[in-house]
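Colleague: This is the structure, below, for whatever I ask next.
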């Protein structure tokens, strides 16, 4: 049933997983860098040793910084589980068309999620939609992996 | 020593890892959905664009929402490292009986952790026990992987 | 191009990835244990059921606890993506010398990051340096993976 040959650059499904995983790693890091930039722009530092001037004090409640941190945390909650389950899903030898489009759905919707959450705030339901497309695709993969483990 | 044939549905150890990883991915997502539900129930929204009514204001300190968020964050801290180390542990060709029971211990105790933390609050040491069973099992796997890398 | 034989104990690149991944899993868990210790030392508990004495109240703003929690969260943001991309990077068959030293750079600099952030606070730019060394190495791996997926 499982064929380790699936983990190969010849397998377009694995290749698509590989590419989107790398792009989403870069996207998560971009959220981190963006948090840092926002801290400098708003002079909001969480540690005394980070204060650039003796006039500054530590601050934890800048709404712009907190917004990026929420987007970043949402990435950890949703993208990191995808990294694990996406690889295992490749091993279940799924339909190439479906799997490739699920990976694209996760990748694109998670990028959109960050954009509408933390870069240009777009009214709901844009963020909810981006969230649920990625979640739905990943849940589907997890269910397929559970089924393949059980039978 | 390492045999890539270990990554196979024929290998009951890998299969158990696969199944519990998928179940725990779904469990992490359930914590996310539960946070969202709790936000609606308590009308606690962190973003202005999420407010359902002009009478509401953003709120960050609802104890019910924060409890689920702490449980969710604890998942990220403990389950996500398990996803990585569990797979590498399979590659060290461990005793099947031990490995299968370690995976079960992690899976079951992390589900119990969420239940006693965020669904029905059970007095300590129930949460601490669930936490340490999963932690102990994952630390053991990590030590076996370190040893296998070194020798 | 991709050779699944790369996932083997004979491959020093994979072995180095394996060893540092396991060490960093233990390092993340150490941050979690350290948070717990700091909670006891400062009597800062986030849940009513954790209070050791009826005189205590839940507390969320102890600076020592919050510092360790920030270091811990920074681990999740940076080390967990490394676990995924490091494995995929091994599959791109990189130069052994470069890959081994990149893994070492990530491992050592993330340990230094925790030490100077949460154990003995060292003035900046020590923490920033540790952060950017690990980030730079991981971004390089992610770019190599993107390129290998595309061509």
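Residue numbers (my numbering), protein chains in the order written: chain A, 1 to 151; chain B, 1001 to 1151; chain C, 2001 to 2151. We treat Cβ as the ideally placed atom computed from N, Cα and C, and that holds for glycine. All values reported here derive from a predicted model rather than from experimental measurement.
Are the Cβ atoms of residue 89/A and residue 144/A separated by less than 8 Å?
Modeller: Position 89 of the first chain, counting from 1, holds the residue named residue 89/A. Position 144 of the first chain, counting from 1, holds the residue named residue 144/A. In contact: residue 89/A and residue 144/A (Cβ atoms closer than 8 Å).
Colleague: Tell me, please, whether the region 129-141 of chain A touches the region 73-81 of chain A by the rule of three or more beta-carbon pairs shorter than 8 Å.
Modeller: As far as the Cβ criterion goes, the region 129-141 of chain A touches the region 73-81 of chain A, which means the pair count is three or higher.
Colleague: Can you grab the Cα-Cα spacing for the pair residue 2072/C / residue 2021/C, in whole Å?
Modeller: The residue labelled residue 2072/C in the question sits at position 72 within the third chain. The residue labelled residue 2021/C in the question sits at position 21 within the third chain. Cα-Cα distance, rounded: 16 Å.
Colleague: Report all residues from its chain with a CB closer than 8 Å to the CB of residue 1074/B; omit the five preceding and five following residues, and keep chain order.
Modeller: Residue 1074/B sits at position 74 when you count from the first residue of the second chain. Result list for residue 1074/B: 1113, 1117, 1131, in chain order.
Colleague: Taking 8 Å as the limit between beta carbons, can you name the residues of its chain near residue 2008/C, skipping five residues before and five after?
Modeller: Mapped onto the third chain, residue 2008/C falls at position 8. Hits under 8 Å: 2014.
Colleague: What's the C-alpha gap between residue 86/A and residue 1019/B?
Modeller: Stepping through the first chain from its first residue, residue 86/A is reached at position 86. Stepping through the second chain from its first residue, residue 1019/B is reached at position 19. Spanning the two alpha carbons is a distance of roughly 13 Å.
Colleague: Is any beta-carbon of chain A found at less than 8 Å from that of residue 1062/B?
Modeller: Here residue 1062/B refers to the residue found at position 62 of the second chain. Not closer than 8 Å to any Cβ of chain A, the Cβ of residue 1062/B fails to qualify, so no.
Colleague: Taking the alpha carbon of residue 30/A as the reference point, which residue from 96/A, 76/A, 51/A has its own alpha carbon closest?
Modeller: Locating residue 30/A in the first chain gives position 30, where the first residue counts as 1. Residue 76/A is the option with its Cα nearest to residue 30/A.
Colleague: Quick check on DSSP: helix, strand or coil for residue 1050/B?
Modeller: Taking the second chain and counting its residues from 1, the one referred to as residue 1050/B is at position 50. It is helical.
Colleague: What residue range is occupied by the uninterrupted alpha helix (DSSP H) comprising residue 2111/C?
Modeller: The sequence position of residue 2111/C within the third chain is 111, counting from 1. 2096-2114 is the extent of the alpha helix (DSSP H) around residue 2111/C.
Colleague: What is the DSSP secondary structure of residue 2006/C, reduced to helix, strand or coil?
Modeller: Position 6 of the third chain, counted from the first residue, corresponds to residue 2006/C. Helix at residue 2006/C.
Colleague: Which residue from 28/A, 41/A, 125/A puts its Cα closest to that of residue 63/A?
Modeller: The residue you call residue 63/A lines up with position 63 of the first chain. It is 41/A.
Colleague: So residue 1043/B and residue 70/A are in contact, right, with Cβ under 8 Å, and what is the actual spacing, rounded?
Modeller: Taking the first residue of the second chain as position 1, residue 1043/B is located at position 43. Taking the first residue of the first chain as position 1, residue 70/A is located at position 70. Not a contact, Cβ separation roughly 18 Å.
Colleague: Report yes or no: is there a C-beta of chain A within less than 8 Å of the C-beta of residue 2150/C?
Modeller: For the purposes of this step, residue 2150/C is taken as the residue at position 150 of the third chain. Closer than 8 Å: yes.
Colleague: Using three-state DSSP, classify residue 2136/C as helix, strand or coil.
Modeller: Counted from its first residue, the third chain places residue 2136/C at position 136. It is helical.
Colleague: Is residue 125/A helix, strand or coil by DSSP?
Modeller: Counting from one through the first chain, the residue named residue 125/A turns up at place 125. If DSSP states are grouped into helix, strand and coil, residue 125/A belongs with coil.
Colleague: Residue 1081/B CB to nearest chain C CB: under 8 Å?
Modeller: Taking the first residue of the second chain as 1, we reach residue 1081/B at position 81. Residue 1081/B counts as touching chain C.
Colleague: Which of helix, strand or coil does DSSP assign to residue 2087/C?
Modeller: On the third chain, residue 2087/C is found 87 positions in, with the first residue counted as 1. Residue 2087/C: helix per DSSP, three-state reduction.
Colleague: Can you look up residue 1029/B in the DSSP assignment and give me helix, strand or coil?
Modeller: Sequence index remark: in the second chain, residue 1029/B carries index 29 (1-based). Residue 1029/B: helix per DSSP, three-state reduction.
Colleague: Please compile the residues from chain B whose C-beta is within a distance smaller than 7 Å of the C-beta of residue 146/A.
Modeller: In the first chain, the residue the question calls residue 146/A occupies position 146. Ordered by position in chain B, the residues that pass the 7 Å Cβ test against residue 146/A are 1019, 1022, 1023.
Colleague: Would you mind sorting residue 103/A into buried or exposed? The rule is 16 or more other CB atoms within 10 Å of its CB.
Modeller: Sequence index remark: in the first chain, residue 103/A carries index 103 (1-based). With 16 or more other Cβ atoms within 10 Å, it is buried.
Colleague: Which residue from 2048/C, 2119/C, 2099/C, 2109/C puts its Cα closest to that of residue 2128/C?
Modeller: As a working note, residue 2128/C is residue 128 in the third chain. That would be 2109/C, whose Cα lies nearest to the Cα of residue 2128/C.
Colleague: Residue 5/A: buried (16+ other C-beta within 10 angstroms of its C-beta) or exposed?
Modeller: Taking the first chain and counting its residues from 1, the one referred to as residue 5/A is at position 5. With fewer than 16 other Cβ atoms within 10 Å, it is exposed.
Colleague: Would you please verify whether the beta carbon of residue 46/A is less than 8 Å from any beta carbon of chain C?
Modeller: As a first step, residue 46/A is located in the first chain; it is residue number 46 there, counting from the start. Closer than 8 Å: yes.
Colleague: Among the residues of its own chain, which have a CB less than 7 Å from the CB of residue 111/A, if the five just before and after it don't count?
Modeller: Here the question's residue 111/A lines up with position 111 in the first chain. Result list for residue 111/A: 27, in chain order.
Colleague: Could one say the Cβ of residue 29/A lies closer than 8 Å to chain C's Cβ atoms, at least one of them?
Modeller: The sequence position of residue 29/A within the first chain is 29, counting from 1. Chain C contact via Cβ: present.
Colleague: DSSP on residue 120/A, reduced to helix/strand/coil?
Modeller: One-based indexing of the first chain puts residue 120/A at position 120. Looking at residue 120/A - three-state DSSP - the assignment turns out to be coil, as it is neither helix nor strand.
Colleague: What in chain C is Cβ-close to residue 49/A, meaning under 7 Å?
Modeller: For the purposes of this step, residue 49/A is identified with residue 49 of the first chain, where counting begins at 1. Chain C residues near residue 49/A: 2121, 2123, 2124.
Colleague: Counting only C-beta atoms, is residue 85/A closer than 8 Å to chain B at any point?
Modeller: By 1-based counting over the first chain, the position of residue 85/A is 85. Yes, residue 85/A counts as interfacial toward chain B.
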